[in-house]
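Peer 1: Numbering-wise, the sequence shown is residues 126 to 427 according to our numbering.
Idealized CB from N, CA, C, for every residue including glycine.
One structure coming up, written as structure tokens, with questions to follow.
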Amino acid sequence: MNTNRPLMLGIVGDGGSGKATLTRGVARLLGSNGVTPICLDDYQRYDRSERLARRLTTADPAANQLDLMAEHLAALRIGGTIQKPGYDHRCGVRRAPEAVAATGLVIAYGMHTLTPPSLAGLFDLTIYLEPDDDLQQIWRFARDTRERGYSAAQVISLQPANDSAARRYVAGQRCYTDLVAHPHMVGNSDTAQTLELLVRRTPVLSPLQPFLAFVEAQALPGTRVERGIADEDGLIGDRLWIDAHLDPVVSQALLGSLWPPQSTSATLQLGAISSLSSAGATSPGFTLIQVLVSSLLVQSRG
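As structure tokens, this is what we get:
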């Protein structure tokens, strides 16, 4: 990844959708090349107490410094260094800015990564994460009570406003992404998910066509490919299904067809994926997303 400018991966999704988990997985797979993760949800305009007093949610654009965020993303795109706002999500307090320098890969993740939509042009690859409502609420509840200092009662009371804001301000970005990942909860377990992955027909995703053809030709148990479907945004693409209880042998076959990419002989660090502790990280589908995204980024560099 040693070029004149970094690669840029944009991850979009509501709170608790798996953005940080995906970021960590890709960073651990490609970290030897230099990775700069940047949490765009740090661009808070207010401390938590003031934001709540103003009756704003974290997804409301009025609660975020989106102009500064866009300026910083443009600077990182050309390999620059920024003074990123600091925000302590554990207690909801803004902190002093910190210097962040672009490296070989910049992973920008947040609820407003493509707000405004013109920011899509800064990224080499974009993905929207959209778990089932019940699954996302379980993940968000766990995150907010364990990592962000909210009581259970606070999370429950804020949920209607958060859900409404996500529909209004976050979901509209989905139509501008290359990939859309829908983890579907199976039964009552939040760790078992069937993956529905929408692969839109954008130039950056053309390297995935041999992989999809491989899945079709092998007719691997627990997998399915649907071609030429119109998704919920009216865009044409292909849909890949990965069963929650995919046989490990089949899972290895899928990963082996993605890695190593043609332009590298790097060994797949499976331990870096399985060691992730966040919700959903051990799901076969979520593991596949991490490897698939990493493979696409390496191939996009050529």
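Residue ranges of each beta strand (DSSP E) run of no fewer than 3 residues wholly in the segment 187-265, ordered along the chain?
Peer 2: 206-213, 218-226, 230-235 and 250-254
Peer 1: Closest to residue 363 by CA distance: which of 325, 342 and 379 is it?
Peer 2: 325
Peer 1: Going by C-alpha distance, which of 161, 162, 188 and 165 is nearest residue 172?
Peer 2: 188
Peer 1: In terms of residues, what are the limits of the beta strand (DSSP E) holding residue 308?
Peer 2: 304-311
Peer 1: Taking the straight line between their C-alpha atoms, what separation do you get for residue 199 and residue 132?
Peer 2: 12 Å
Peer 1: Where does the unbroken alpha helix (DSSP H) through residue 381 begin, and where does it stop?
Peer 2: Membership of residue 381 in the alpha helix (DSSP H) is indicated by the continuous run 373-383.
Peer 1: For residue 249 versus residue 422, is the C-beta spacing smaller than 8 Å?
Peer 2: yes
Peer 1: Output the residue ranges of the beta strand (DSSP E) runs that lie fully inside the segment 312-347 and measure 3 residues or longer, sorted by chain position.
Peer 2: 314-325
Peer 1: Given a threshold of 16 other Cβ atoms within 10 Å of its Cβ, counted over all protein chains shown, does residue 404 qualify as buried or as exposed?
Peer 2: Model confidence at residue 404 stands at a pLDDT of 44, short of 50, so the residue's coordinates are unreliable and nothing is read from them.
Peer 1: Among residues of its own chain, excluding the 5 on either side of residue 231, which ones have a beta-carbon nearer than 6 Å to its beta-carbon?
Peer 2: 131, 133, 161 and 201
Peer 1: With a cut-off of 8 Å, do at least 3 Cβ pairs link the segment 255-269 to the segment 136-145?
Peer 2: Using a Cβ-Cβ distance cut-off of 8 Å, the segment 255-269 and the segment 136-145 are in contact, since at least three pairs of beta carbons, one from each stretch, lie closer than that value.
Peer 1: Just how far apart, CA to CA, sit residue 333 and residue 412?
Peer 2: 16 Å
Peer 1: Please report the straight-line C-alpha distance between residue 297 and residue 240, rounded to a whole angstrom.
Peer 2: 9 Å
Peer 1: Name, in chain order, the residues that DSSP records as bridge partners for residue 161.
Peer 2: 231
Peer 1: To the nearest angstrom, how far is it from the Cα of residue 272 to the Cα of residue 342?
Peer 2: Taking the straight line from one Cα to the other gives about 44 Å.
Peer 1: Suppose contacts are defined by Cβ-Cβ distances below 8 Å. Is residue 410 in contact with residue 256 by that definition?
Peer 2: no
Peer 1: Could you have a look at residue 360 and say whether DSSP puts it in helix, strand or coil?
Peer 2: coil
Peer 1: How many whole angstroms separate the CB atoms of residue 306 and residue 367, which I take to be in contact at a CB cut-off of 8 Å?
Peer 2: Residue 306 to residue 367, Cβ: 10 Å. No contact.
Peer 1: Return the CA-CA distance between residue 491 and residue 340, expressed in angstroms with no decimal places.
Peer 2: Any answer about residue 491 is impossible in this case: the structure gives the chain only from 126 up to 427.
Peer 1: Going by the DSSP bridge assignment, what does residue 132 pair with across the sheet?
Peer 2: 230
Peer 1: Excluding the 5 residues flanking residue 317 on each side, which residues of the same chain have their C-beta closer than 8 Å to its C-beta?
Peer 2: 310, 311, 369, 370 and 408
Peer 1: Name, in chain order, the residues that DSSP records as bridge partners for residue 138.
Peer 2: 254
Peer 1: According to DSSP, simplified to helix, strand and coil, what is residue 283?
Peer 2: Three-state result, residue 283: helix.
Peer 1: Under 8 Å between the Cβ atoms of residue 238 and residue 137?
Peer 2: yes
Peer 1: Put residue 369 into one of helix, strand or coil per three-state DSSP.
Peer 2: DSSP, reduced to helix, strand and coil, places residue 369 outside both helices and strands of the structure shown, so it counts as coil.
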